[in-house]
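Report on one structure; see the data block that follows.
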Amino acid sequence: MGFHLILLLWLLQTAASQEANEIGCEEICGNVTIPSPFGIEPGCHLNSWFRVTCIETVDGRKPFISSIGLELLGSYTDAAVMVNTSVTYHNCSDKVNKGNAAYNQDAEIR
3 MGFHLILLLW LLQTAASQEA NEIGCEEICG NVTIPSPFGI EPGCHLNSWF RVTCIETVDG
63 RKPFISSIGL ELLGSYTDAA VMVNTSVTYH NCSDKVNKGN AAYNQDAEIR
């Protein structure tokens, strides 16, 4: 059963990737290539969870995953992307910076 589920997920991603490439969904936002099944244009993302919004910032255009509001940094593998998220320190007397500290973290979105 587990093998069939993995195979089904792989087939769905492959089909979505092929369909996106067939309709001309090679998309770039800033210096980030948007990997399938993500996409900016209608019909170029698998569903609303994979929709990317390209936003103009003071540092140039940056892609954000619309459903979770995190910046898409790039593709890590065929099954994972990198996003930018932050950490907040609260009541940590041993931390010099008691404000927000940003760091990059790999996160798999499945």
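My numbering applies: residue 3 is where the sequence shown begins, and numbers increase by one. Note that CB positions come from ideal geometry on N, CA and C, so glycine has one too. Keep in mind it's a predicted model, so treat the numbers as computed, not measured.
- Query: Taking the C-alpha atoms as reference points, what is the distance between residue 20 and residue 36?
  - Reply: By 1-based counting over the sequence shown, the position of residue 20 is 18. By 1-based counting over the sequence shown, the position of residue 36 is 34. Because residue 20 sits at a pLDDT of 49, beneath the cut-off of 50, its placement in the model cannot be relied upon, and the point is left open.
- Item | Own chain, CB closer than 7 Å to residue 62, minus 5 neighbours either side, in chain order | In the sequence shown, residue 62 corresponds to position 60, counting from 1. Cβ within range, chain order: 32.
- Message: I'd like to check one pair, residue 40 with residue 60: are the Cβ atoms closer than 8 Å?
- Response: Mapped onto the sequence shown, residue 60 falls at position 58. Mapped onto the sequence shown, residue 40 falls at position 38. For residue 60 and residue 40, no; Cβs fall outside 8 Å.
- Sort 26, 58 and 81 by Cα distance to residue 52 and report the nearest one. As a first step, residue 52 is located in the sequence shown; it is residue number 50 there, counting from the start. Selected option, being the one with the closest Cα: 81.
- Query: What is the residue span of the beta strand (DSSP E) that residue 63 lies within?
  - Reply: Here residue 63 corresponds to residue number 61 of the sequence shown, with the count starting at 1. Residues 62-67.
- Message: For residue 85 and residue 74, which I take to be in contact (beta-carbon distance under 8 Å), what is that distance rounded to the nearest angstrom?
- Response: Translated into the one-based positions of the sequence shown, residue 85 becomes position 83. Translated into the one-based positions of the sequence shown, residue 74 becomes position 72. Their Cβ separation, rounded to whole angstroms, is 6 Å, which keeps residue 85 and residue 74 in contact under 8 Å.
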